[in-house]
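As structure tokens, the structure follows; a few thoughts come after it.
Number of protein chains: 4
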Amino acid sequence: MARILAFAGSTREGSYNRKLIRIAASGAREACAEVHLVELADYPMPIMNEDLEAGQGIPPKALEFKQLMLENDGLLISAPEYNSSITPLLKNVLDWASRSETSEEIPLSAFRGMTAVVMSASPGSLGGLRGLVVLRMMLGNLGVTVLPDTRSISSADKAFQADGSLASSKDQKAVTRLGRILAETLERLGRSNDREDR
Amino acid sequence: MARILAFAGSTREGSYNRKLIRIAASGAREACAEVHLVELADYPMPIMNEDLEAGQGIPPKALEFKQLMLENDGLLISAPEYNSSITPLLKNVLDWASRSETSEEIPLSAFRGMTAVVMSASPGSLGGLRGLVVLRMMLGNLGVTVLPDTRSISSADKAFQADGSLASSKDQKAVTRLGRILAETLERLGRSNDREDR
Amino acid sequence: MARILAFAGSTREGSYNRKLIRIAASGAREACAEVHLVELADYPMPIMNEDLEAGQGIPPKALEFKQLMLENDGLLISAPEYNSSITPLLKNVLDWASRSETSEEIPLSAFRGMTAVVMSASPGSLGGLRGLVVLRMMLGNLGVTVLPDTRSISSADKAFQADGSLASSKDQKAVTRLGRILAETLERLGRSNDREDR
Amino acid sequence: MARILAFAGSTREGSYNRKLIRIAASGAREACAEVHLVELADYPMPIMNEDLEAGQGIPPKALEFKQLMLENDGLLISAPEYNSSITPLLKNVLDWASRSETSEEIPLSAFRGMTAVVMSASPGSLGGLRGLVVLRMMLGNLGVTVLPDTRSISSADKAFQADGSLASSKDQKAVTRLGRILAETLERLGRSNDREDR
């Protein structure tokens with residue numbers, strides 16, 4: 002069964018991306034994936050710093066998050082855009098997860114062989130699209146296959162209904178489909194050698 | 002069986018990327034893919050221009066190339082870097098292939114659902130890496146899944162032996178593996194719905 | 002006096018970018034710059050190919066265009082977006098202009114020390130914004146200072162009036178300002194050492 | 002007199018980028034700029050979060066840093082690369098500096114009209130070059146003119162001498178020149194209207 006880790010790159014209470022990821026996650030569940038939807042607020046970590054890491058090791062919450070990544074084969078990320086790039090919060094979490102605990106560990110084991118779908122929501126007219134350019138490049142460089150399927154919800158402050166769904170049924174369907182596409186692609190791929198070999 | 006279209010983004014006689022693509026193509030063949038290795042020199046087309054297209058339609062050689070894309074599920078491209086981006090030749094071929102012949106045609110049918118692996122070679126110290134950033138972004142936006150596996154061969158003017166193989170056995174193995182990875186991923190994926198539905 | 006070369010990356014008869022560049026060019030002229038507004042249709046060149054160059058040299062029209070670049074200190078470019086990048090036409094012109102005629106020539110002399118403002122127009126909702134990402138990176142790597150001021154006109158098929166101006170007075174003002182900003186920045190900079198030393 | 006804020010995107014004790022920025026800063030001082038070389042370690046701030054900001058305002062150290070930006074016209078940044086992008090530390094500092102204290106404040110006042118030069122150092126063979134792609138895009142989108150002059154020092158673990166200078170005199174000269182170029186460009190530009198008008 003496809004195992005997917007899903008989260009938004011925001012901890013804001015009213016975050017549009019936290020709403021969006023729930024829709025995509027439900028799409029993945031409808032396609033029979035096992036989805037681990039987590040909140041980055043539950044994984045507080047200090048800003049990545051190699052001196053800190055050398056002195057105290059990878060922080061416990063960063064190790065927990067990395068473990069989650071190792072246990073899943075798919076990534077579903079909804080990424081807010083700050084200043085045409087991703088949030089420092091998201092960058093920090095991904096950077097900590099990229100660290101090796103021992104010198105024997107295969108580098109980037111948490112990322113290699115993963116398959117991802119990314120999306121964004123923003124009050125602006127571009128919907129956070131420019132941040133995804135940076136996120137896609139970064140994930141690709143970490144060994145993740147990022148599927149081309151994506152969605153950026155513009156005017157996000159007006160896009161969601163009280164029940165959490167998107168007012169535009171076209172958008173709702175498209176975002177639900179993102180989760181399904183990831184689940185189905187993981188099913189088709191089976192477990193990759195890269196992830197088996199870790 | 003995995004069907005792969007392979008080509009270099011150069012027509013230069015002594016092109017390093019034309020050498021490189023042959024190595025990757027042989028890796029794909031070893032993994033039992035059916036590889037169609039073509040030369041862009043055999044597909045001359047005018048610089049893309051919508052007035053030209055409106056007047057005379059898509060040029061015959063561009064249609065032939067688009068047909069090749071439609072008949073394959075994988076793309077193996079070795080892309081020279083010109084001024085930190087891809088060659089106008091490669092951009093032109095991909096742009097023509099992105100055009101629809103009729104208004105009924107599904108947009109981007111030649112690209113949607115394809116899986117690609119890209120690589121580069123250059124005499125410089127970066128090996129053409131910056132051009133791949135642009136190529137990856139573009140293919141992703143066209144609906145192609147670009148695998149994270151890649152290789153950029155630096156000092157390409159000294160990298161190849163007389164028999165066409167790479168002097169560095171590590172590089173030779175890595176580029177051969179690129180073809181194999183694409184072939185194996187296509188096998189695992191089976192034919193995608195996107196491409197079946199075209 | 003500020004000398005500016007202005008052109009659109011399209012030769013299409015009804016091109017939105019050809020309309021847009023005229024507005025920006027008039028803004029530069031209002032700020033007393035000497036603007037050379039040219040049409041790429043007047044500079045036909047074969048697709049860049051190093052074998053062709055080695056055999057016949059840089060084509061005459063490419064040399065003429067390069068000469069225009071050498072005679073100006075500012076670049077004003079309106080760039081259509083094809084498949085989330087720039088047109089092969091524009092890439093080709095810039096690549097030819099980047100070639101050296103002799104081995105004594107300072108590399109990239111046509112670009113180094115130039116200051117540029119870029120913009121785009123497109124019928125889509127992003128206005129060609131993604132192509133500018135690629136163009137800005139490329140120009141920067143060629144030694145051009147690209148000013149942050151920019152504008153991407155979305156829904157370009159409905160944006161222009163019969164007299165060539167933009168229906169939105171806010172857009173019209175913003176694009177006129179782009180030309181003025183470039184002219185004023187060039188005045189403030191004076192001729193750069195890079196360009197004097199060529 | 003040109004006023005420049007200089008810092009590295011790292012707080013690591015043995016940071017190569019902290020060494021590199023000192024060289025560039027000295028180049029700017031030789032060209033008679035007033036250089037404010039600061040350590041991000043002296044500006045600790047929580048990870049940017051809009052709920053935190055709404056509840057407690059911009060943190061004191063973020064306001065101090067923003068004030069530094071407002072008092073200078075040039076930015077000299079040496080940016081470590083983490084996973085082909087910039088550090089979460091640097092992203093966080095820039096994101097906090099982009100926030101407005103009041104609704105009357107001109108958006109992005111700390112950035113608009115600034116001129117920047119960026120550089121990087123890394124033990125790897127690319128010298129942190131890929132992180133600069135992201136940094137340049139981001140600064141440009143914030144209204145900063147990023148000069149094309151740049152340098153990425155590869156094999157940074159072996160590049161510096163005990164006295165802090167670069168072992169390669171060519172590199173040492175090039176990085177010193179980066180500071181000088183920024184100082185001279187600021188002199189030529191004078192104070193920009195954008196920054197006067199704030």
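Chains as they are written, first to last, in this note's numbering: chain C, 2 to 199; chain Y, 2 to 199; chain V, 2 to 199; chain R, 2 to 199. A virtual CB, placed ideally from N, CA and C, is assigned to each residue, including glycine.
At 8 Å on the CB atoms, spell out the chain Y contacts of R196(C), in chain order. Counting from 1 along the first sequence, the entry for residue 196(C) is found at position 195. Chain Y residues near R196(C): none, gap ~13 Å exceeds 8 Å.
Is E202(V) buried or exposed, if buried means 16 or more other CB atoms sit within 10 Å of its CB? The structure shown does not extend to residue 202(V), since chain V is modelled only from 2 to 199, so the question has no answer here.
Chain V partners of L190(R), CB-CB under 7 Å? On the fourth sequence, position 189 is the one that residue 190(R) refers to. Neighbourhood of L190(R) in chain V, by CB distance below 7 Å: R189 and L190, in chain order.
Below 8 Å, is the gap between the Cβ of L133(V) and the nearest heavy atom of the ligand PLP? This structure simply doesn't include the ligand PLP, nor any ligand for that matter.
Could you tell me whether any Cβ in chain Y is nearer than 9 Å to the Cβ of N18(V)? Within the third sequence, the letter at position 17 stands for residue 18(V). By this cut-off, N18(V) is not an interface position.
Using a beta-carbon distance below 9 Å, is S126(V) in contact with chain C? Position 125 of the third sequence, counted from the first residue, corresponds to residue 126(V). Yes - at least one Cβ of chain C is within 9 Å of the one on S126(V).
Please report the distance separating the alpha-carbon of R199(C) from that of S104(Y). Indexing the first sequence from 1 puts residue 199(C) at position 198. Indexing the second sequence from 1 puts residue 104(Y) at position 103. Unreliable placement is indicated for R199(C), whose pLDDT of 47 sits below 50; the coordinate value is still reported in the next sentence. Roughly 48 Å separates the two Cα atoms.
Other residues of its chain near E35(R): CB distance less than 6 Å, five sequence neighbours each side excluded: In the fourth sequence, the residue the question calls residue 35(R) occupies position 34. Here the set comprises M2 and R4.
For R13(R), go through chain C and note every residue whose CB falls closer than 8 Å to its CB, in chain order. By 1-based counting over the fourth sequence, the position of residue 13(R) is 12. Chain C residues near R13(R): N50, E51 and D52.
What is the residue span of the beta strand (DSSP E) that L109(Y) lies within? Translated into the one-based positions of the second sequence, residue 109(Y) becomes position 108. Careful: L109(Y) lies outside any beta strand (DSSP E) and carries neither H nor E.
Consider the Cβ of L71(V): report whether some Cβ of chain Y lies at a distance smaller than 9 Å. In the third sequence, residue 71(V) corresponds to position 70, counting from 1. Contact of L71(V) with chain Y is not assigned, every C-beta pair being separated by 9 Å or more.
Nearest-angstrom Cα distance between G141(V) and E51(C)? Counting from 1 along the third sequence, the entry for residue 141(V) is found at position 140. Counting from 1 along the first sequence, the entry for residue 51(C) is found at position 50. Their backbone Cα atoms lie some 31 Å apart in a straight line.
What residue does the alpha helix (DSSP H) around F8(V) start on, and which one ends it? By one-based count along the third sequence, residue 8(V) stands at place 7. Premise fails: F8(V) lies in the beta strand (DSSP E), R4 to A9, not in any alpha helix (DSSP H).
Exposed or buried, K1(Y), counting other C-beta atoms within 10 Å across all chains shown (16 or more means buried)? No answer is possible for residue 1(Y): the residues shown for chain Y start at 2 and end at 199.
Does the pairing of the segment 129-149 of chain R with the segment 140-160 of chain V give three or more beta-carbon distances under 8 Å? yes
Mapping the DSSP letters down to three states, classify Y83(R) as helix, strand or coil. The residue you call residue 83(R) lines up with position 82 of the fourth sequence. Y83(R): strand per DSSP, three-state reduction.
Quick check on L136(V): does DSSP put it in helix, strand or coil? The residue given as residue 136(V) occupies position 135 in the third sequence. Three-state result, L136(V): helix.
Contacts of V145(Y) in chain B (Cβ-Cβ under 7 Å): No chain B appears in this structure, whose protein chains are C, Y, V and R.
Residue range of the unbroken alpha helix (DSSP H) whose run includes T103(Y): Start at 1 with the first residue of the second sequence, and residue 103(Y) comes out as number 102. Element bounds for T103(Y): n/a, residue is neither H nor E.
How close, in whole Å, do the beta carbons of I87(R) and L136(R) come, if the pair is a contact with beta carbons under 8 Å? Against the fourth sequence, residue 87(R) aligns to sequence position 86. Against the fourth sequence, residue 136(R) aligns to sequence position 135. The Cβ separation is near 5 Å, so the contact holds.
Contact with chain R by R199(Y), beta-carbon distance below 9 Å: Counting from one through the second sequence, the residue named residue 199(Y) turns up at place 198. For R199(Y), the predicted model reports a pLDDT of 47, less than 50, meaning its position is unreliable and no value from the coordinates is stated.
Strictly under 9 Å for the Cβ-Cβ distance: is R4(Y) near chain R by that measure? Numbered from its first residue, the second sequence carries residue 4(Y) at position 3. Not an interface residue.
R131(Y) at chain R interface by Cβ criterion, 9 Å: As a first step, residue 131(Y) must be located in the second sequence, where it is residue number 130. It does; some Cβ of chain R falls within 9 Å.
Min CB distance R178(C) to chain Y below 9 Å: Here the question's residue 178(C) lines up with position 177 in the first sequence. No, R178(C) lies away from the interface with chain Y (no Cβ there is under 9 Å from its Cβ).
Decide if the segment 182-191 of chain V is in contact with the segment 24-43 of chain V; the criterion is three or more beta carbon pairs, one per stretch, under 8 Å apart. For the pair of segments examined, the segment 182-191 of chain V was found to touch the segment 24-43 of chain V: the number of CB pairs separated by less than 8 Å reaches three.
Where the alpha helix (DSSP H) through M70(R) begins and ends: Indexing the fourth sequence from 1 puts residue 70(R) at position 69. P61 to E72 is the span of the alpha helix (DSSP H), which, as asked, contains M70(R).
Can you confirm whether V134(C), when its beta carbon is compared against all beta carbons of chain V, has any partner nearer than 9 Å? Residue numbering aside, residue 134(C) sits at position 133 when the first sequence is read from its first letter. Yes, its Cβ sits closer than 9 Å to a Cβ of chain V.
Thinking C-alpha only, which one of L90(C), A157(C), K174(C) and A80(C) is nearest L133(C)? Within the first sequence, residue 133(C) is the residue found at index 132, counting from 1. It is A80(C) whose Cα lies nearest to the Cα of L133(C).
Continuous alpha helix (DSSP H) assignments of at least 4 residues falling wholly in the segment 8-34 of chain R: Taking only runs of at least 4 residues, the alpha helix (DSSP H) segments lying wholly in the segment 8-34 of chain R are 17-31.
CB contact below 9 Å: M120(R) versus chain V: On the fourth sequence, position 119 is the one that residue 120(R) refers to. Chain V, which has no Cβ nearer than 9 Å to the Cβ of M120(R), makes this no.
Looking at the secondary structure, which residues open and close the beta strand (DSSP E) in which F153(R) lies? Here residue 153(R) is taken as the residue at index 152 of the fourth sequence, counted from 1. Looking at the sequence shown, residue 153(R) is not Phe but Ser. Looking at the DSSP string, the run of the beta strand (DSSP E) that includes S153(R) is R152 to I154.
Can you round the beta-carbon distance between F8(V) and E40(V) to whole angstroms, since I take them to be within the 8 Å contact cut? Counting from one through the third sequence, the residue named residue 8(V) turns up at place 7. Counting from one through the third sequence, the residue named residue 40(V) turns up at place 39. About 7 Å separates the two Cβ atoms, so the contact holds.
Is there at least one Cβ from chain Y nearer than 9 Å to M139(V)'s Cβ? Here residue 139(V) is taken as the residue at index 138 of the third sequence, counted from 1. Answer yes: the Cβ-Cβ gap between M139(V) and chain Y drops below 9 Å somewhere.
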